[in-house]
Amino acid sequence: MKSKKIFAVALACMMTVGSFAGCKKKSDSTGTSATSGSDTTASESQSESATESATEGSTSATEASTYGADEISDYTFLAFMANKEINDGNDIQEELAKRTGVRIKETWNANQDAAEAVGTMIASGDLPDFIDGGNGCKMLAENDCLVAWDDYLADPAFANLKEMFSDKQWELFRQADGHIYWANVFGKTYGEPKTRTHNDEAFWVQVRVLEDANYPVIETLDEYFALLENYAKKYPKNEDGTEVIPYTALCEGWRYFCIENAPEFLDGYPNDGPVIVNLDDPSKPTIQDYNTTPTAKMYFKKLNEVYNAGIMDPEFATMDYDGYIAKLASGAVLGMCDQNWDFAQINNTFIEKGFDKKGYNYVPLGLVAQKGQTKNQWHAYADVPNVSSGIAVTTKCQDPDKAFKFLNTCLDQDIHDLRFWGIKDVDYLVDADGMYYRTEEMRQNWQSDAYLAKHVCTYSYFPQWGGTSRDGKNAMKPGDQESEFFATLSDPLKKAFEAYGYTAYGDFLRSEHITELGFWYPMYSHSNDMDTTTDYGMAWTRMGECKHEWLPKVVISKDFESDWEKYQKAYKDCKPEVFLAEMQKELDRRIALSK
Numbered sequence: 185m186k187s188k189k190i191f192a193v194a195l196a197c198m199m200t201v202g203s204f205a206g207c208k209k210k211s212d213s214t215g216t217s218a219t220s221g222s223d224t225t226a227s228e229s230q231s232e233s234a235t236e237s238a239t240e241g242s243t244s245a246t247e248a249s250t251y252g253a254d255e256i257s258d259y260t261f262l263a264f265m266a267n268k269e270i271n272d273g274n275d276i277q278e279e280l281a282k283r284t285g286v287r288i289k290e291t292w293n294a295n296q297d298a299a300e301a302v303g304t305m306i307a308s309g310d311l312p313d314f315i316d317g318g319n320g321c322k323m324l325a326e327n328d329c330l331v332a333w334d335d336y337l338a339d340p341a342f343a344n345l346k347e348m349f350s351d352k353q354w355e356l357f358r359q360a361d362g363h364i365y366w367a368n369v370f371g372k373t374y375g376e377p378k379t380r381t382h383n384d385e386a387f388w389v390q391v392r393v394l395e396d397a398n399y400p401v402i403e404t405l406d407e408y409f410a411l412l413e414n415y416a417k418k419y420p421k422n423e424d425g426t427e428v429i430p431y432t433a434l435c436e437g438w439r440y441f442c443i444e445n446a447p448e449f450l451d452g453y454p455n456d457g458p459v460i461v462n463l464d465d466p467s468k469p470t471i472q473d474y475n476t477t478p479t480a481k482m483y484f485k486k487l488n489e490v491y492n493a494g495i496m497d498p499e500f501a502t503m504d505y506d507g508y509i510a511k512l513a514s515g516a517v518l519g520m521c522d523q524n525w526d527f528a529q530i531n532n533t534f535i536e537k538g539f540d541k542k543g544y545n546y547v548p549l550g551l552v553a554q555k556g557q558t559k560n561q562w563h564a565y566a567d568v569p570n571v572s573s574g575i576a577v578t579t580k581c582q583d584p585d586k587a588f589k590f591l592n593t594c595l596d597q598d599i600h601d602l603r604f605w606g607i608k609d610v611d612y613l614v615d616a617d618g619m620y621y622r623t624e625e626m627r628q629n630w631q632s633d634a635y636l637a638k639h640v641c642t643y644s645y646f647p648q649w650g651g652t653s654r655d656g657k658n659a660m661k662p663g664d665q666e667s668e669f670f671a672t673l674s675d676p677l678k679k680a681f682e683a684y685g686y687t688a689y690g691d692f693l694r695s696e697h698i699t700e701l702g703f704w705y706p707m708y709s710h711s712n713d714m715d716t717t718t719d720y721g722m723a724w725t726r727m728g729e730c731k732h733e734w735l736p737k738v739v740i741s742k743d744f745e746s747d748w749e750k751y752q753k754a755y756k757d758c759k760p761e762v763f764l765a766e767m768q769k770e771l772d773r774r775i776a777l778s779k
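Start counting at 1 in the sequence shown, then tack on 184, and there's your number in the working numbering.
Encoded structure:
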């Protein structure tokens, strides 16, 4: 990438990212790093023997290594997401440091576009040791700011990392220069799936609204908004006097997906990002633009209707993310469309304020375009590697070998347990059958922001697994352990699960149980890499700018039909066909790679 582009981005970015001093080595000692798992690369195909050897090897080897204070290296990490920083001296962080020889200072930046911030960092040379650069990952690689993974993935000592993806999946991470520079740590299952949550997009509704309506099955937009409107008419204010907001949406920055991409889901497609992959002819998957479908018009016309009826938040088009989260955390908002990871931090606030007992928690609904429609893929039952971004080691790190050893050790079973279950006999107990469980006091601790800050350290953007522990019994994460999942539900949530006969949040979406998605999925991992140096990247940028401008306009319009036509004309002027042609080319490439 040309340097003048970087400086242009840097000049456009007025906010500072923060200062990173690089990797501070307190000692030349890097210790030893245990490996676990088999030499196979497909995460879905661990054999029983590999599981046994991994369990024995990883636990004993890691626990045998204890690092003194002068042997621990301090590293920095940055991600462009919202999260809460932990306290210095955090209990589990210090225990992880003793066992791995590494301590990470995590920094979260949710208020800045990742690409703009990365441009500034490249221009200044001020990089952390680890980074999840979001849509700036490609820029970092092109400017020689990242350490290649290839040699480490080829080394048996880093078998944990290699095991994260199959060989074919790793190829999707390979960049134009022939190297791999990052790995996405989410959406990977070890052994048997145990997922109880839905961490992705949905139309959400407070569980008290469903209870008041006697737990109906809600399929369509009409039914959903009628449900919200009826409740708001009966109970216009919460007990504390806060006025109820039946529905809101977020339009700020890259989070405008909260209002923008519902049409692809309503038509029954999974989250491929900016496009639909049409499989009407299974032998020839075809890229389709959901922005111009009849369902898109129907959806925005419905939003226009509810806005003008006073059902939709009048501030939706202008509020920022912090304002949005504050509204959700107040318990005032009955429903919205969003990704769970974008607002899940409010759940602990609900617990601390007692709002969970009032039924303010949200459950997901998988709405469809037409009543009775069976095509529904809101919930992904298959692993989804997003290859456009992930954890990376920067060239600023003075000891990349130790950094990669730490990434590998993050997946040792005992380290993984420490990150997500906590300290044995403090955060969880083990019964006679080897099953992990918590007391009520332990559960309450892990629902307290103060306790989390001083005691818990998950390193949530570092390598991790979902699914089943290498012991073949427990869930990798407590939220997926059946006994723990139901024990942590509030009474209003338990009543809803029982009323519907559901055992996981995904059940509320009524999605087709598709356990293997196309090898191309998700297509947004390609569009996320685009910039304005190409004609298709320019078209993609202009399409986004057009939608940012026009979608709020059509929602608040007093003449929907007229403004919809104006929007469609403005959208057509962006030359979306250039972007769509590139997406089709990439789709065809991925299909060929899968064979």
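We treat Cβ as the ideally placed atom computed from N, Cα and C, and that holds for glycine.
Annotation note: the stretch 649 to 693 contains the following uninterrupted alpha helix (DSSP H) runs of length 4 or greater, listed N- to C-terminal: 666 to 671 and 675 to 684.
Here Lys-511 is buried: its Cβ has 16 or more other Cβ atoms, across all protein chains shown, within 10 Å. Setting aside the 5 residues that flank it on each side, Thr-404 is surrounded in the same chain by Leu-551, Val-552, Ala-553, Gln-554 and Lys-555, each with a C-beta closer than 8 Å to its C-beta; the list follows chain order. Partner residues in a beta bridge of Thr-476, as assigned by DSSP, do not exist. Between Gly-543 and Glu-395 a beta carbon distance of about 6 Å is seen, short of the 8 Å cut, so the two are scored as contacting. For Asp-258, the enclosing beta strand (DSSP E) stretches over residues 257 to 263. In this structure, the straight-line span from the alpha carbon of Gln-529 to that of Tyr-621 is close to 23 Å. Tyr-374 sits away from Ala-587, with the two beta carbons spaced by 8 Å or more. Looking from the CA of Glu-766, the closest CA among Lys-737, Tyr-720, Ala-776 and Phe-744 belongs to Tyr-720. When only Cα atoms are considered, Ile-599 and Gly-618 end up about 18 Å apart. DSSP, read as helix, strand or coil, puts Gln-523 in strand.
Comparing C-alpha distances from Phe-261 to each of Lys-750, Gly-303 and Asp-310 shows the shortest one belongs to Asp-310. With distances taken between CA atoms, Asn-570 lies nearest to Ser-709 out of Arg-694, Ser-709 and Ala-688. Taking Ile-740 as reference, the option from Glu-444, Asn-344, Ile-575 and Lys-485 with the minimal CA-CA separation is Lys-485.
Sorting Arg-380, Leu-324 and Ala-325 by C-alpha distance to the C-alpha of Pro-662 places Arg-380 at the top. Between Leu-324 and Asp-691, the alpha-carbon positions lie close to 40 Å from each other. A Cβ-Cβ distance of about 6 Å is found for the pair Cys-641 and Leu-280, placing them in contact under the 8 Å criterion. Comparing alpha-carbon positions, the option among Phe-264, Asp-313 and Gly-252 lying closest to Thr-284 turns out to be Gly-252. Burial check for Ser-308: the Cβ neighbour count within 10 Å stays below 16, so the residue is exposed. For the stretch 268 to 318, the continuous beta strand (DSSP E) assignments of 3+ residues that do not extend past its boundaries occur at 286 to 292 and 314 to 316, in sequence order.
Counting only the Cα atoms, Glu-255 lies some 43 Å from Ala-564. Scanning Lys-750, Lys-608 and Asp-615 for the CA closest to the CA of Met-626 turns up Lys-608.
Between the stretch 261 to 276 and the stretch 633 to 650 there are three or more C-beta pairs closer than 8 Å, enough to call the two in contact. In this structure, Ile-575 and Asp-743 do not form a Cβ contact; the two beta carbons are roughly 48 Å apart against a cut-off of 8 Å. Nearest to Gln-631 by alpha-carbon distance, out of Arg-358, Leu-673 and Val-614, is Leu-673. Apart from sequence neighbours up to five positions away, the residues of its chain that approach Ala-480 with a beta-carbon distance below 8 Å are Pro-447 and Tyr-474, ordered along the chain.
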